[in-house]
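**Q**
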Amino acid sequence: ATSPEHTRGALLAHGFLFNLWKIFEDFLIVVLSEELQARHGGRARGCSCRLDEAGAVEMKPDLVWQVNGQPVAVVDAKYKQEKPSGYPFADLYQVLAYCTALRLPRGHLVYARGNADPARHVVRYSGIEIVCHALDLELPPAKLLAQVGDIADELMATSSTA
């Protein structure tokens with residue numbers, strides 16, 4: 035957070051600037067990791083993985099969940115429009131790359147709820163499924179945490195260990 039200071043003039047103002055995307059990402063990854071651990075066991079791994087055989091293209095998913103040392107789920111958190119102008123499907127491409135590099139049949143995108151409904155996309159010729167979740171940040175805290183718990187259950191129900 036940053037705080038502006040201005041010493042000239044008669045008006046004194048205090049304020050903070052927060053990177054909401056970072057707060058959302060950190061919140062989701064911490065709470066989702068806690069829910070996964072409590073409900074299903076395993077552990078989060080802060081991992082980087084390589085997309086190419088030469089190891090030149092490094093990627094860093096927000097969350098890779100492991101059971102018995104093997105990745106079983108990958109999650110990417112996004113606090114933004116589900117379909118931004120520019121490259122509307124870039125998030126899907128990113129999760130597809132994670133799934134390919136980690137050899138996972140499924141990846142998960144978790145957005146702050148906006149205009150799009152949750153969705154599932156099965157990638158042609160690969161069978162990889164990308165599941166898009168929409169987290170409703172307007173819910174009361176207990177219901178918001180329950181929604182993250184539901185996402186944790188879905189991750190494990192559809193993981194390669196289920």
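Under the numbering used here, the residue at position 141 of the sequence shown is numbered 175, and the numbers go up by one with no gaps. For glycine and all other residues, C-beta sits at the position ideal for the given N, C-alpha and C. Owing to the predicted nature of the structure, the values given are computational and were not obtained by experimental measurement.
Going by C-alpha to C-alpha distance, which of C166, V157, T134 and W55 sits closest to Y113?
**A** As a position in the sequence shown, residue 113 is number 79, starting the count at 1. Of C166, V157, T134 and W55, the residue nearest in Cα terms is W55.
**Q** Report the three-state DSSP secondary structure of I162 (helix, strand or coil).
**A** Your numbering for residue 162 matches position 128 in the sequence shown. I162 falls in the coil class under three-state DSSP.
**Q** Since W99 and L189 should fall inside the 8 Å C-beta cutoff, what is the C-beta to C-beta distance between them, to a whole number of angstroms?
**A** Here the question's residue 99 lines up with position 65 in the sequence shown. Here the question's residue 189 lines up with position 155 in the sequence shown. W99 to L189, Cβ: 7 Å. Contact.
**Q** Can we say the region 124-143 touches the region 89-103, given the rule of at least three CB pairs closer than 8 Å?
**A** Touching, yes.
**Q** Provide the residue span of the alpha helix (DSSP H) that contains A135, from first to last.
**A** Taking the first residue of the sequence shown as position 1, residue 135 is located at position 101. Per DSSP, A135 belongs to the alpha helix (DSSP H) from A124 to L136.
**Q** At the level of alpha carbons, what is the spacing between R140 and A124?
**A** For the purposes of this step, residue 140 is taken as the residue at position 106 of the sequence shown. For the purposes of this step, residue 124 is taken as the residue at position 90 of the sequence shown. Looking at the two C-alpha atoms, the distance is approximately 17 Å.
**Q** Under a Cβ-count criterion, where at least 16 other Cβ atoms within 10 Å of its own Cβ denotes burial, should H48 be classed as buried or exposed?
**A** On the sequence shown, position 14 is the one that residue 48 refers to. When all chains shown are included, H48 counts as exposed.
**Q** Report yes if the C-beta distance between V108 and V182 is below 8 Å; otherwise report no.
**A** Here residue 108 refers to the residue found at position 74 when the sequence shown is read from its first residue. Here residue 182 refers to the residue found at position 148 when the sequence shown is read from its first residue. Cβ distance not < 8 Å, so V108 and V182 don't count as in contact.
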